[in-house]
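Quick notes on the structure that follows.
There are 2 protein chains.
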Amino acid sequence: MGQAAAQTGWSARMLRYLETNGLVVPRRADSGYRLYAERELGQLRTLRDLRERFGVELDELAFANRLRREPELKAAVETWLAASGPAADWVDWEQRKHERLLVA
Amino acid sequence: MGQAAAQTGWSARMLRYLETNGLVVPRRADSGYRLYAERELGQLRTLRDLRERFGVELDELAFANRLRREPELKAAVETWLAASGPAADWVDWEQRKHERLLVA
DNA sequence: CGAACCTTGCCATGGATGTGGTAAGGTTCC
DNA sequence: GGAACCTTACCACATCCATGGCAAGGTTCG
Chain U
38 MGQAAAQTGW
48 SARMLRYLET
58 NGLVVPRRAD
68 SGYRLYAERE
78 LGQLRTLRDL
88 RERFGVELDE
98 LAFANRLRRE
108 PELKAAVETW
118 LAASGPAADW
128 VDWEQRKHER
138 LLVA
Chain P
38 MGQAAAQTGW
48 SARMLRYLET
58 NGLVVPRRAD
68 SGYRLYAERE
78 LGQLRTLRDL
88 RERFGVELDE
98 LAFANRLRRE
108 PELKAAVETW
118 LAASGPAADW
128 VDWEQRKHER
138 LLVA
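In structure tokens:
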């Protein structure tokens with residue numbers, strides 16, 4: 038039941054959203070009701086953590102996944118990171134993101 | 038001059054945008070004009086490539102950077118990826134992204 | 001001087017994301 | 001049967017990103 042799932046800190050609405058994006062996909066009862074087992078509950082908590090503590094967005098997770106399975110991409114990104122400066126500038130980007138989150 | 042830089046496929050507008058985000062930061066002449074050296078031109082081409090071939094967005098690059106310098110984050114993400122299913126669902130996400138790009 | 005660049009703003013847009021709401025309708029269980 | 005759940009399918013919204021455009025003003029150079 039989504040109600041027990043909502044006890045992980047997500048709204049029922051969000052659970053459906055996460056499912057449509059393939060992030061946390063629960064089994065279904067014959068009636069169509071979603072059944073969240075421990076596995077999914079764990080995923081939900083992990084995901085919540087990732088967002089709260091690091092401000093990770095869904096597309097960023099998808100990207101992390103790509104990095105693992107697309108060596109070409111990974112290489113290109115590494116090249117880029119190596120070539121770009123002292124990375125001090127990146128802090129700005131991250132800081133702004135964190136500020137946004139702190140407001141919320 | 039931005040004109041030579043625009044020959045890397047970016048509009049002058051975008052060059053300023055990239056600069057404000059710390060992605061490609063050219064030196065400045067005394068007059069304030071931007072001076073793109075080979076270094077920056079290379080970065081611009083690499084960046085262009087990343088976007089064309091892989092649809093990488095700027096925030097995703099920032100994220101890749103974070104992964105390298107925040108071990109905690111990296112660990113959390115790894116945990117997540119390991120715990121989430123066969124990753125077949127992620128394909129959807131990526132496919133949609135690719136579709137978007139192909140249209141453009 | 002004047003043309004052709006450049007500079008920094010600021011406003012505007014299209015599309016995506018993350019959320020919430022609501023409506024119309026099944027399921028569970030007392 | 002009726003309350004309290006659940007389901008899908010929309011509509012809506014604020015925010016952000018990536019771009020473009022325009023205005024007002026410096027710089028370079030013939």
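First to last, the sequence lines map onto chains U and P.
The opening residue of the first sequence carries number 38 in the numbering used here; numbering runs sequentially from there.
The opening residue of the second sequence carries number 38 in the numbering used here; numbering runs sequentially from there.
For each residue, glycine too, the CB sits at the ideal point set by N, CA and C.
Just so it is clear, the structure is predicted and the values come from calculations on it, not from any experiment.
query                                                                                                                : result
Contact list for D86 (chain U) against chain P, beta-carbon separation under 7 Å                                     : A113
Enclosing alpha helix (DSSP H) for E75 (chain P) [first to last residue]                                             : 75-91
Backbone secondary structure at L72 (chain U) - three-state DSSP                                                     : strand
Under 7 Å by beta carbon: chain P residues contacting L110 (chain U)                                                 : F91
Contact residues within the stretch 91-105 of chain U, judged by C-beta distance below 9 Å to chain P                : F91, V93, E94, L95, D96, E97, L98, A99, F100, A101, N102, R103, L104, R105
The stretch 93-110 of chain P contacting the stretch 100-114 of chain U, beta-carbon criterion three pairs below 8 Å : yes
Nearest to T45 (chain U) (by Cα), restricted to the options U:A120, U:L84, U:A113, U:R90                             : U:L84
Contact list for A120 (chain U) against chain P, beta-carbon separation under 7 Å                                    : G79, Q80, T83
Residue-chain proximity (W47 (chain P), chain U), Cβ-Cβ < 8 Å                                                        : no
Alpha helix (DSSP H) segment containing A66 (chain P), residue limits                                                : No alpha helix (DSSP H) contains A66 (chain P), which DSSP labels as neither H nor E.
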